[in-house]
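Structure, as structure tokens:
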Amino acid sequence: MIRVLLVDDEPALFPVTKLALEKDGDVLVDLCASPAEARTLLEKRHYEVIISDYDMPGEDGITFLCHLRESGDDTPFIIFTGKGNETVAMEACNAGVDYYLTKSGSPREVFHRLKECVMRASRGYRHQHPWDIAFTTPLGVLETLPVPVFVLDERLHIRYLNRSATRISGLKTNRQELLSFNSILDKNSSRELIVFLEHVIGGSESRDDAICPVPLVFMGPDGRCIHMECSILPARDENGRPTGFVVTCNESMLQGHG
Numbered sequence: 012m013i014r015v016l017l018v019d020d021e022p023a024l025f026p027v028t029k030l031a032l033e034k035d036g037d038v039l040v041d042l043c044a045s046p047a048e049a050r051t052l053l054e055k056r057h058y059e060v061i062i063s064d065y066d067m068p069g070e071d072g073i074t075f076l077c078h079l080r081e082s083g084d085d086t087p088f089i090i091f092t093g094k095g096n097e098t099v100a101m102e103a104c105n106a107g108v109d110y111y112l113t114k115s116g117s118p119r120e121v122f123h124r125l126k127e128c129v130m131r132a133s134r135g136y137r138h139q140h141p142w143d144i145a146f147t148t149p150l151g152v153l154e155t156l157p158v159p160v161f162v163l164d165e166r167l168h169i170r171y172l173n174r175s176a177t178r179i180s181g182l183k184t185n186r187q188e189l190l191s192f193n194s195i196l197d198k199n200s201s202r203e204l205i206v207f208l209e210h211v212i213g214g215s216e217s218r219d220d221a222i223c224p225v226p227l228v229f230m231g232p233d234g235r236c237i238h239m240e241c242s243i244l245p246a247r248d249e250n251g252r253p254t255g256f257v258v259t260c261n262e263s264m265l266q267g268h269g
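Laid out in structure tokens, this is it:
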């Protein structure tokens, strides 16, 4: 039996969440309405997984997670929020969250994904990607971000893309063949990307690699142009050479005018 602690300041959501997680008989959910109450329960018993809302009065879910990690508690932690965005997701990632899920979408799909994350987290699955790009972001977080994310190697081959990225690329997340990131961009964007990366590889960027937006145009699966503002973050080896890139995309203000 997998014991789960659910922390949410909206008790009205308790019954449906508890029912969805417990319906197969393999999960037992304890409920509490605040991080303070959760800490009391954590002192009394062990939990395999913690699920927490983000937006709660007094102490939000990320602060709660940070306090747990600082105390040495490494229980798998899922942020399950109705008010999240890209900024919140990346803050959660930096704090060491294992999975980040939003409550938007059909209830059946949302709770199916939540149950799936609980089962994977309870087995100690931390989404370690077989390709070691030296990024520490759990792929469980990338997978559930509402924005497209691509992970590229140093030759710009697409090594990973999340579900949101399939919308603008037409690619499948479980494909096996290597494909160049340039192949899903229009020709002008492909040239602009190469110039930008030469700037990065040449060392003129600071070692901290501040993320700067690059406008790129993707050739969508239906042939239309999709304008995106893309942040490109390089990973570097001990000598400072880029070993790969994470590309995070947001819809451009030019969308629909291309």
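For the sequence shown, my numbering gives the first residue as 12, with consecutive numbering after it.
Cβ coordinates follow ideal geometry from the N, Cα and C atoms, glycine included.
In this text, all values refer to a predicted model and were calculated from it rather than measured experimentally.
Please tell me whether residue i and residue j are closer than 8 Å, where the distance is taken between their beta carbons.
i: A246; j: G234; result: no
i: T113; j: T92; result: yes
i: L153; j: F192; result: no
i: S133; j: E59; result: yes
i: I179; j: G231; result: yes
i: V225; j: I243; result: yes
i: K29; j: V40; result: yes
i: L189; j: N173; result: no
i: T259; j: C236; result: no
i: E165; j: P253; result: yes
i: L203; j: M239; result: Here the sequence assigns Glu to residue 203, which means Leu is not the residue at that position. Against a cut-off of 8 Å, the Cβ pair of M239 and E203 comes out as no contact.
i: V99; j: V160; result: no
Please work out which residues of its chain come closer than 8 Å, Cβ to Cβ, to residue i, disregarding the five sequence neighbours upstream and downstream, and give them in chain order.
i: V18; result: C43, A44, S45, P46, E48, A49, I61, I62, S63, D64, M67, G72 and F75
i: R80; result: A106 and G107
i: A221; result: The predicted position of A221 is uncertain, since its pLDDT is 44 and thus under 50; a value taken from the coordinates is nonetheless stated next. There are no such residues.
i: P22; result: L42 and A44
Where do the N-terminal and C-terminal ends of the alpha helix (DSSP H) with residue i fall, by residue?
i: A23; result: Looking at the DSSP string, A23 is not in any alpha helix (DSSP H), and its letter there is neither H nor E.
i: N72; result: The question names Asn, but residue 72 is Gly in the sequence shown. It spans G72 to E81 - the alpha helix (DSSP H) in which G72 sits, taken as one unbroken run.
i: E120; result: P118 to S133
i: T92; result: Where T92 is concerned, there is no enclosing alpha helix (DSSP H), although the beta strand (DSSP E) it sits in stretches over F88 to T92.
Might you give, ordered along the chain, the residues of its own chain that have their beta carbon closer than 6 Å to the beta carbon of residue i, omitting 5 neighbours on each side?
i: F122; result: A31
i: F25; result: L42
i: M264; result: In this prediction, M264 scores a pLDDT of 49, lower than 50, which makes its location untrustworthy; the coordinate-derived value is nonetheless stated afterwards. If we look at M264 and ignore the five residues flanking it on each side, it has no Cβ neighbours.
i: H57; result: none
From the beta carbon of residue i, is the nearest beta carbon of chain D less than 8 Å away?
i: L39; result: Included in the structure is just one protein chain, with no chain D present.
Kindly list the residues whose CB is nearer than 7 Å to the CB of residue i, restricted to its own chain and excluding five residues on each side of it in sequence; keep chain order.
i: D37; result: M12 and I13
i: C77; result: A106
i: K298; result: Lying before the first or after the last residue shown, residue 298 is absent from the chain, which here runs from 12 to 269.
i: A145; result: Below a pLDDT of 50, predicted positions are generally treated as unreliable, and A145, at 32, falls in that range; no measurement from the model is reported.
How far does the beta strand (DSSP E) with residue i in it reach, from first residue to last?
i: S242; result: C236 to R247
i: R170; result: I169 to L172
Could you give the uninterrupted runs of the beta strand (DSSP E) lying entirely in the segment 21-69, keeping only those of 3 residues or more? 38-43 and 60-63
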